[in-house]
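Student: Please see the structure below; I have some questions.
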Amino acid sequence: LGAEDGELVIRRELSRGGRHRAFVNDSPVTAALLQRIGDHLVDVHGQHEHQRLVEAGHQLALLDRSADAEALSERVAALFAKYRDAVDEAERMRTAERDRAQREDLLRFQVGELAAARLRVGEEEELRAELRRVQHAERFVGGLAEAAALLADAPQSAGERLARAARILNDLGRLDPTMATPAEPIELARIQVDEALQAVRRLRDGITAEPGRLETIHERLDALAKLARKYGDGEAAMLRFRDEAAHELDRLERHEELVAEQERRLAELTAELAAAAAELSSRRRAAAARLANQVEKALRELGMDNAVFEIAVDVVPEIGPRGGDRVEMRLCANPGEELRPLARVASGGELSRTMLAITSVLARADRLPTLVFDEVDAGIGGRVASVVGRTLAEAAGGRQVLCVTHLAPIAARAAHHLRVSKSVRAGRTRMTVAALDGDERVAEIARMLGGPSTTAAAREHARDLLGARRSRSGAG
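Residue numbering for the sequence shown follows this note's numbering, starting at 377 and increasing by one per position.
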């Protein structure tokens with residue numbers, strides 16, 4: 377993509393006609409490639425991300441990400457797909473075993489019938505030509521005899537007349553040589569007539585009235601017609617059918633060998649899949665304890681001082697496309713409560729903070745340059761919002777973090793503040809994005825704290841929040 381200088385420029389063109397185009401360093405790319413590139417550049421966390429956290433598949437994906445096992449997980453999925461194909465093929469071959477004997481008998485009969493027929497390309501055409509000769513033998517013999525007589529055998533034949541003409545001209549040539557000039561071409565004509573006569577005699581002599589030959593030809597043509605109805609029109613098609621049937625018969629006769637080969641292939645895939653799944657499981661178990669401890673610490677930083685977080689990795693009866701494990705994240709948010717699966721955690725705020733804790737932990741290990749948080753602070757407020765803001769600010773160390781929020785403590789933590797507003801003009805809704813700084817930012821933070829009618833106290837609180845951010849930035 378021409379990134380010699382290390383810079384990657386992504387551009388998307390949106391047209392009113394609906395034809396959108398994407399470019400990377402001015403080279404057109406597909407939407408699929410753009411998605412793949414984006415996966416390495418941006419990690420987006422939406423406002424409903426905490427709801428996905430209750431899904432077992434999403435928990436498993438988060439654990440694999442923590443274990444740096446995403447590539448291994450993809451390999452297990454690919455091996456499982458090959459394994460399933462091998463299982464299906466083995467089952468197909470076992471099912472085919474029941475019909476194999478009957479199919480072999482049919483193919484053996486067909487190959488034998490075609491082999492016994494001794495087919496030869498062009499035979500039918502030759503037989504039909506011979507049939508016409510045999511059917512009209514008497515007429516052919518009579519006609520050829522008459523032609524031979526006209527050429528030489530009769531007293532007034534063409535050959536006799538040409539010979540007489542040549543003698544007359546040669547006699548005249550003794551008196552005047554010019555008179556003998558036509559004799560030479562006449563002699564040549566006589567020779568050609570003689571050659572034609574020999575050809576006619578050969579044709580006549582070749583017509584034999586072999587007893588039963590007509591019946592033999594009819595029988596052979598009938599046999600070829602019956603074979604053509606079963607195996608294809610023409611000798612070439614029938615020979616092709618014979619070769620294909622022979623090939624299939626050979627494969628069926630080698631069926632046991634092929635079944636054994638497939639079983640060996642299945643055993644190899646089973647072992648390879650089991651080994652890869654075992655390695656993946658080992659990585660998951662090691663990462664589960666580490667991630668659980670880190671998330672538990674992050675939860676305490678987010679105001680859940682007594683939270684206990686656990687990741688259980690249990691073995692499933694059969695290996696599947698995602699390996700041989702079932703992952704379940706469990707949380708105890710308050711003292712005296714039991715650890716419960718996240719799906720049974722009632723508080724949306726607790727789920728939001730758990731998701732944010734996991735995200736912040738994973739972000740420390742990820743090398744993605746951009747993180748996007750779209751209203752991930754749903755269900756939280758007050759002191760917790762300040763802690764969430766601090767966590768997001770820490771995640772921004774060494775990378776760009778974009779955050780969509782309605783909470784002033786979080787907005788005040790940002791290095792840059794953009795206000796998105798909606799208005800209706802001339803019956804059309806418009807979105808406006810404005811960069812805020814100075815008094816405008818103070819006013820916006822105050823509005824977020826107290827609503828449209830901001831008070832002096834709200835503005836003072838806003839200045840305190842922004843001042844705290846600046847003092848922390850300066851200390852950093």
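Glycine is no exception: its CB is placed at the ideal position from the N, C-alpha and C atoms.
#1: The beta strand (DSSP E) spanning Ala810 covers which residue range?
#2: Taking only the alpha-carbon atoms, compute the straight-line gap between Gly850 and Gly394 and give it to the nearest angstrom.
#3: Put Glu686 into one of helix, strand or coil per three-state DSSP.
#4: Mapping DSSP to helix, strand and coil, what is Met705?
#5: Run through the DSSP bridge pairs and tell me what His421 is partnered with.
#6: Leaving out the 5 sequence neighbours to the left and right, which residues in its chain are closer than 8 angstroms to Gly852 when beta-carbon positions are compared?
#7: Assuming the contact rule is C-beta atoms closer than 8 angstroms, Ala454 and Arg660 should be a hit. Round their C-beta distance to whole Å, please.
#8: To which residues does DSSP link Gly696 through a beta bridge?
#9: What is the rounded straight-line gap between the Cα of Met705 and the Cα of Glu694?
#10: Please say whether Val418 and Asn401 have beta carbons closer to each other than 8 angstroms?
#11: Using the three-state DSSP reduction, which class does Arg395 fall into: helix, strand or coil?
#12: With which residues is Ser797 paired in a DSSP beta bridge?
#13: Taking the CB atoms as reference points, tell me whether Thr767 and Glu677 lie closer together than 8 angstroms.
#14: For Gly850, name the three-state secondary structure that DSSP assigns.
#15: Report yes if the C-beta distance between Leu436 and Thr730 is below 8 angstroms; otherwise report no.
#16: Are the stretch 624 to 643 and the stretch 664 to 679 in contact at 8 angstroms, needing three or more beta carbon pairs?
#17: Name the residue from Gly773, Leu783, Leu778 whose alpha carbon lies nearest to the alpha carbon of Ser763.
#18: Apply the 10 Å Cβ neighbour rule to Pro785 and answer buried if 16 or more other Cβ atoms are within range, or exposed otherwise.
#19: Can at least three beta-carbon pairs, one atom from the stretch 490 to 507 and one from the stretch 601 to 614, be found at a separation below 8 angstroms?
#20: According to DSSP, which residues form a beta bridge with Val780?
#21: Among Gln532, Glu591, Ala653, which has the Cα closest to the Cα of Gly696?
#22: Using DSSP's beta-bridge definition, name the partner residues of Ile386.
#23: How far does the alpha helix (DSSP H) with Glu629 in it reach, from first residue to last?
#24: Just to confirm, are Val510 and Arg616 a CB contact at a threshold of 8 angstroms?
#25: DSSP has Val405 in a bridge; who is on the other side?
#26: Output the distance between the C-alpha atoms of Ala709 and Val684, rounded to the nearest integer angstrom.
#27: Once DSSP output is grouped into helix, strand and coil, what is the label at Arg470?
#28: Rounding to the nearest angstrom, what Cα-Cα distance links Ser829 and Asp690 in this structure?
#29: Buried or exposed: where does Ser391 fall if 16 or more other Cβ atoms within 10 Å of its Cβ makes it buried?
#30: Are Ala834 and Ala822 closer than 8 angstroms when you measure CB to CB?
#31: In terms of residue numbering, what span does the alpha helix (DSSP H) encompassing Leu526 cover?
#32: Give the secondary structure of Val737 by DSSP, where H, G and I count as helix, E and B as strand, and everything else as coil.
#33: One question on the structure: do Leu656 and Tyr459 come within less than 8 angstroms of each other, judged by their Cβ atoms?
Tutor: So, to answer that:
#1: Start at 1 with the first residue of the sequence shown, and residue 810 comes out as number 434. Its beta strand (DSSP E) spans residues 804 to 812.
#2: Here the question's residue 850 lines up with position 474 in the sequence shown. Here the question's residue 394 lines up with position 18 in the sequence shown. With a pLDDT of only 48 at Gly850, under 50, the local geometry of the prediction cannot be trusted, and the value read off the model is given with reservation. Straight-line Cα distance between these residues: approximately 47 angstroms.
#3: Taking the sequence shown and counting its residues from 1, one reaches residue 686 at position 310. Note: Glu686 maps to strand in three-state DSSP.
#4: In the sequence shown, counting from the first residue as 1, residue 705 sits at position 329. Correct three-state label for Met705: strand.
#5: Position 45 of the sequence shown holds residue 421. For His421, which the question treats as bridged, DSSP gives the partners Phe749.
#6: By one-based count along the sequence shown, residue 852 stands at place 476. Interpretation of Gly852 is limited by its pLDDT of 40, a score under 50 that renders its predicted location unreliable; no figure is taken from the coordinates.
#7: As a first step, residue 454 is located in the sequence shown; it is residue number 78 there, counting from the start. As a first step, residue 660 is located in the sequence shown; it is residue number 284 there, counting from the start. Actually they do not touch by this definition, with Cβ atoms about 18 angstroms apart.
#8: Against the sequence shown, residue 696 aligns to sequence position 320. BP columns for Gly696 point to Gly699.
#9: Looking up residue 705 in the sequence shown gives position 329. Looking up residue 694 in the sequence shown gives position 318. One C-alpha to the other measures close to 21 angstroms.
#10: Along the sequence shown, one-based indexing puts residue 401 at 25. Along the sequence shown, one-based indexing puts residue 418 at 42. No; because the gap between Cβ atoms is not below 8 angstroms, this pair is not in contact.
#11: Taking the first residue of the sequence shown as 1, we reach residue 395 at position 19. Arg395: coil per DSSP, three-state reduction.
#12: Sequence index remark: in the sequence shown, residue 797 carries index 421 (1-based). Partner(s): Thr808.
#13: Locating residue 767 in the sequence shown gives position 391, where the first residue counts as 1. Locating residue 677 in the sequence shown gives position 301, where the first residue counts as 1. Closer than 8 angstroms, so yes.
#14: The residue you call residue 850 lines up with position 474 of the sequence shown. The predicted position of Gly850 is uncertain, since its pLDDT is 48 and thus under 50; a value taken from the coordinates is nonetheless stated next. DSSP places Gly850 in helix when its eight states are reduced to three.
#15: Here residue 436 is taken as the residue at index 60 of the sequence shown, counted from 1. Here residue 730 is taken as the residue at index 354 of the sequence shown, counted from 1. Their beta carbons are not under 8 angstroms apart, which means Leu436 does not touch Thr730 by this criterion.
#16: No, the stretch 624 to 643 is not in contact with the stretch 664 to 679.
#17: Along the sequence shown, one-based indexing puts residue 763 at 387. According to the sequence provided, residue 763 is Val. The question's Ser does not apply to it. With respect to the C-alpha of Val763, the residue from Gly773, Leu783, Leu778 having the closest C-alpha is Leu783.
#18: Sequence index remark: in the sequence shown, residue 785 carries index 409 (1-based). The residue in question, Pro785, is buried, as its Cβ has 16 or more Cβ neighbours within 10 Å.
#19: Yes: at least three Cβ pairs fall under 8 angstroms.
#20: The sequence position of residue 780 within the sequence shown is 404, counting from 1. DSSP lists Asp750 as partners of Val780.
#21: For the purposes of this step, residue 696 is taken as residue 320 along the sequence shown, with counting starting at 1. Residue Ala653 is the option with its Cα nearest to Gly696.
#22: Working through the sequence shown from its first residue, we reach residue 386 at position 10. Bridge partners of Ile386: Val400.
#23: Reading the sequence shown from its first residue, position 253 is the one you call residue 629. First-last of the alpha helix (DSSP H) with Glu629: 611 to 629.
#24: Reading the sequence shown from its first residue, position 134 is the one you call residue 510. Reading the sequence shown from its first residue, position 240 is the one you call residue 616. Cβ distance not < 8 angstroms, so Val510 and Arg616 don't count as in contact.
#25: Here residue 405 refers to the residue found at position 29 of the sequence shown. DSSP output for Val405 lists Ala398 as bridge partner(s).
#26: Residue 709 sits at position 333 when you count from the first residue of the sequence shown. Residue 684 sits at position 308 when you count from the first residue of the sequence shown. Approximately 6 angstroms between the Cα atoms of the pair.
#27: Sequence index remark: in the sequence shown, residue 470 carries index 94 (1-based). Residue state, collapsed to three classes: helix.
#28: Here residue 829 is taken as the residue at index 453 of the sequence shown, counted from 1. Here residue 690 is taken as the residue at index 314 of the sequence shown, counted from 1. Taking the straight line from one Cα to the other gives about 55 angstroms.
#29: To locate residue 391, count along the sequence shown from 1; it is residue 15. Result: exposed.
#30: Locating residue 834 in the sequence shown gives position 458, counting from the first residue. Locating residue 822 in the sequence shown gives position 446, counting from the first residue. Going by C-beta atoms, Ala834 is nearer than 8 angstroms to Ala822.
#31: Position 150 of the sequence shown, counted from the start, is the residue given in the question as residue 526. DSSP places Leu526 in no alpha helix (DSSP H); its state is neither H nor E.
#32: Mapped onto the sequence shown, residue 737 falls at position 361. Residue state, collapsed to three classes: helix.
#33: Within the sequence shown, residue 656 is the residue found at index 280, counting from 1. Within the sequence shown, residue 459 is the residue found at index 83, counting from 1. Cβ distance not < 8 angstroms, so Leu656 and Tyr459 don't count as in contact.
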